[in-house]
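Peer 1: Take this structure first; my questions come after.
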């Protein structure tokens, strides 16, 4: 079984490599692929029953329950591409899943992948955290937006400036539904972190552990541990279940282990551990922080505001945040409204800052993160700080410090001007409703804090991404020719190769060796390259539609000659002579993607080159599209293209793409499709392309093809 989390290219390349290796070794093999298009070539019960072993080459969680009793080897999808023959040999002695090893498939997978380099334990933790965050995000968005909408449309201003939704009203029910979403947010985060580590038996202890962590009353605290507590319980539950699975039990007990024994034991142990061991320090922190803050009320308002802002921003609903909030709320009754004013200014800074960051540097964020950012902006207006939790959970080292800095700035500014708040709530909504004194400075504090948070976040995330990029592949490239494939996603149906020429921006290539002749500048009428065939058509080309993309043949003296025969249809007509470049000028990834996008623009199907580049780079930020074997396949789904388009280019020197095998990309395919057409068709093309590129002879012929016509003839074999 092969699977990758963000696309399907690696999925199908690993499948093809494993199939080739099995045939070479004289074994029968069936490979189930779980790509974005869905599961294909699904393993039946008979397939599993008759198998000698099961190899799972995946970078995402897959259901292994059907493999109980079989030898199971779990590795990353890159291992399936790089060492397929070795995996087939290793699976013959792999642990039996769910029996003698107590379900050690997870541990086996971690150990098996350790040889790929980068400390697999860290990778397991990162994938588990991302799994939890991805399931948590809908709960944050739904809960936060329903609460904000119900307050905006159903809330009634009070004499003290507060906002109350009448009991029993329609909007009160909407608000209650939103509160349920927020209540489930933390247990879901914990549960799916645990699930990613220990499979289904870890889901129940993870969720219940998260609920306990978020319910401070269970361990004597006025505030729960929030999302940070959920992360702790998620990892504890996951690794506890993995450990329990390794315990040898009688055979007659094994069937009930995953559904009865493991969940009960793990849930009870984790719950009691949190209540009696972890919970007590949380309660102690809450109590002593409150006392410490009480002793600061007579000190500098600027310092107190900065400290409250730091605390509000640290864990967004956890004990530190709640300590500051309840401290400010408690002083309202005594007539001191300035402390709550500091808190109110800091409360919206985190969601507003993180939402603003997704707008400032969109390429650093995935599409889902940008959508969450828009929701966070809306939640920030209503003082719902939890809107920033998905960002903090996904990138704690970058987001939490940025949040704290922005919160401290906002709190300090509010403290400087003596901003007051008469109600225990924060955000611009309380100022609009008249609960805030010193409104201009309040808004200034919120805006400045949000901007500081956004700029700091962008700087730290960008620095982190650059650091990851520097560790991609070894400095020394392989001596053999590399292949680079750039894929960008476009929209609509592909037109014939004879589409009228468009005047898109071009990057002209420098001369290259004879094996890969360089295209001359786009020919005008009567011009051609050194073999008499224009590399790319332009608005000045003369001749039939069939000859336009390949360039009209013309001798050096400029006299016209008959048009060449029609080019073969490649990849359903999405790849034509217009989108082939035999010499890629760019020497690094971002420039290569931009050059490929400009090449696609020459078809007239790209309305916004910059947006296409941004989406393709955002996809790269989720995980490299360098497939190994000197191939890269960047791709994008965006309405910046009006119809699907596929481009191909060769790089003589190779481009560093962070490929799993460390090779530079020399063959680059770029696939672009519009959002509306981002269905099965472009996934089918990507699957066909990925499989064919696993053929060394095909790659060699593609690398050695002279001129566009010969390149297209080789590519026409992809079916």
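Numbering (this note's numbering), first residue to last: 3 to 721.
No residue lacks a Cβ here, since even glycine has one placed at the ideal position from N, Cα and C.
From a predicted model like this one, the values you see are computed outputs, not experimental measurements.
#1: Name the residue from 343, 224 and 708 whose alpha carbon lies nearest to the alpha carbon of residue 304.
#2: Which residues in the same chain have their Cβ closer than 6 Å to the Cβ of residue 200, if we skip the five residues on either side of it in sequence?
#3: Please work out which residues of its chain come closer than 8 Å, Cβ to Cβ, to residue 34, disregarding the five sequence neighbours upstream and downstream, and give them in chain order.
#4: Going by beta carbon distance, what residues of the same chain come within less than 8 Å of residue 47, once the five residues before and after it are set aside?
#5: Assuming residue 628 and residue 660 are in contact, meaning their beta carbons sit under 8 Å apart, how far apart are those beta carbons, in whole angstroms?
#6: May I ask you to report which of helix, strand or coil DSSP gives residue 706?
#7: Quick one, which of 427, 408 and 422 has its alpha-carbon nearest residue 383's?
#8: Do residue 676 and residue 640 come within 9 Å of each other at the CB atom, strictly closer than that value?
#9: Looking only at its own chain, which residues have a Cβ that is under 8 Å from the Cβ of residue 223, when we skip the five neighbours before and after it?
#10: Hey, how far is the Cα of residue 609 from the Cα of residue 643?
#11: Would you list the one or two residues that DSSP bridges to residue 345?
#12: Taking residue 574 as the reference, which of 591, 178, 649 and 365 has the closest Cα?
#13: Do you know how far the Cα of residue 407 is from the Cα of residue 371?
#14: Using CA atoms only, rank isn't needed, just tell me which of 233, 434 and 166 is closest to residue 128.
#15: Where residue 389 and residue 456 are concerned, what is the direct C-alpha to C-alpha distance, given to the nearest angstrom?
#16: I'd like to check one pair, residue 403 with residue 139: are the Cβ atoms closer than 9 Å?
#17: Determine the direct distance from the alpha carbon of residue 638 to that of residue 701, and round the result to whole angstroms.
#18: I believe residue 176 touches residue 152 by the beta-carbon criterion, under 8 Å. Please report the beta-carbon distance rounded to the nearest angstrom.
#19: For residue 257, does the three-state DSSP call read helix, strand or coil?
#20: Report the option in 440, 345 and 666 whose CA atom is closest to the CA atom of residue 308.
#21: Quick check: the stretch 132-149 against the stretch 182-197, are at least 3 beta-carbon pairs closer than 8 Å?
#22: Using 8 Å for Cβ pairs, my map puts residue 255 next to residue 350. What's the rounded Cβ distance?
#23: Quick check on residue 35: does DSSP put it in helix, strand or coil?
#24: Who are the near neighbours of residue 137 in its chain, counting only those whose CB is closer than 7 Å to its CB and skipping five residues on each side?
#25: Residue 352 lies in the alpha helix (DSSP H); which residues open and close that run?
#26: Kindly indicate which three-state DSSP category residue 249 falls into: helix, strand or coil?
#27: Expressed to the nearest angstrom, what Euclidean distance is found between the alpha-carbon atoms of residue 58 and residue 633?
#28: Within the continuous alpha helix (DSSP H) that includes residue 327, where are the two ends?
#29: Where are the alpha helix (DSSP H) runs, 4 residues long or more, that stay fully inside the stretch 174-201, in chain order?
#30: Check the DSSP bridge columns for residue 590 and list the partner residues they point to.
#31: Going by DSSP, name the residue or residues bridged to residue 672.
#32: Helix or strand or just coil, what does DSSP make of residue 721?
#33: Please classify residue 274: is it buried, with 16 or more other beta-carbons within 10 angstroms of its beta-carbon, or exposed?
#34: Taking the alpha-carbon positions, what's the residue 66 to residue 271 distance?
#35: Taking the alpha carbon of residue 418 as the point to measure from, which residue in 198, 340 and 710 has its own alpha carbon closest?
#36: Residue 629 lies in the beta strand (DSSP E); which residues open and close that run?
Peer 2: This is what the structure holds:
#1: Nearest of 343, 224 and 708 to residue 304, Cα basis: 343.
#2: Here the set comprises 240, 243 and 244.
#3: Cβ within range, chain order: 3, 4, 41, 42, 43, 44 and 45.
#4: Only 68 meet the Cβ criterion.
#5: Contact holds; Cβ gap of about 5 Å.
#6: Helix.
#7: Closest in alpha carbon position to residue 383, among 427, 408 and 422, is 427.
#8: Yes.
#9: Result list for residue 223: 281, 284, 285, 288 and 321, in chain order.
#10: A straight-line Cα-Cα distance of about 6 Å links residue 609 and residue 643.
#11: The secondary-structure analysis by DSSP pairs residue 345 with nothing; it has no beta-bridge partner.
#12: Checking every option, the nearest Cα to that of residue 574 belongs to 649.
#13: Their backbone Cα atoms lie some 22 Å apart in a straight line.
#14: For residue 128, the nearest C-alpha among the options comes from 233.
#15: Each residue's alpha carbon lies about 14 Å from the other.
#16: The Cβ atoms of residue 139 and residue 403 lie no closer than 9 Å to each other.
#17: Roughly 24 Å separates the two Cα atoms.
#18: In this structure residue 176 is in contact with residue 152, their Cβ atoms being roughly 4 Å apart against a cut-off of 8 Å.
#19: Helix at residue 257.
#20: The shortest CA-to-CA distance from residue 308 to any of 440, 345 and 666 is the one to 345.
#21: Touching, per the Cβ criterion.
#22: Not really, about 53 Å apart at Cβ, beyond 8 Å.
#23: In the structure shown, the three-state DSSP call for residue 35 is strand.
#24: Counting only Cβ-Cβ distances below 7 Å, and skipping sequence neighbours, we find 190 and 194.
#25: From DSSP, the alpha helix (DSSP H) with residue 352 extends over 351-362.
#26: DSSP, reduced to helix, strand and coil, places residue 249 outside both helices and strands of the structure shown, so it counts as coil.
#27: Those two C-alpha atoms are separated by around 23 Å.
#28: Counting along the chain, the alpha helix (DSSP H) containing residue 327 begins and ends at 321-334.
#29: Residue ranges of uninterrupted alpha helix (DSSP H) with 4 or more members are absent from the stretch 174-201; none lies entirely inside it.
#30: DSSP output for residue 590 lists 658 as bridge partner(s).
#31: Residue 672 pairs with 649.
#32: The three-state reading of DSSP puts residue 721 in coil, since its state is none of H, G, I, E or B.
#33: Residue environment for residue 274: exposed (fewer than 16 other C-beta atoms within 10 angstroms of its C-beta).
#34: Rounded to whole angstroms, residue 66 and residue 271 show a C-alpha spacing of 25 Å.
#35: 340 is the residue among 198, 340 and 710 whose C-alpha sits nearest the C-alpha of residue 418.
#36: Here the beta strand (DSSP E) through residue 629 covers 628-630.
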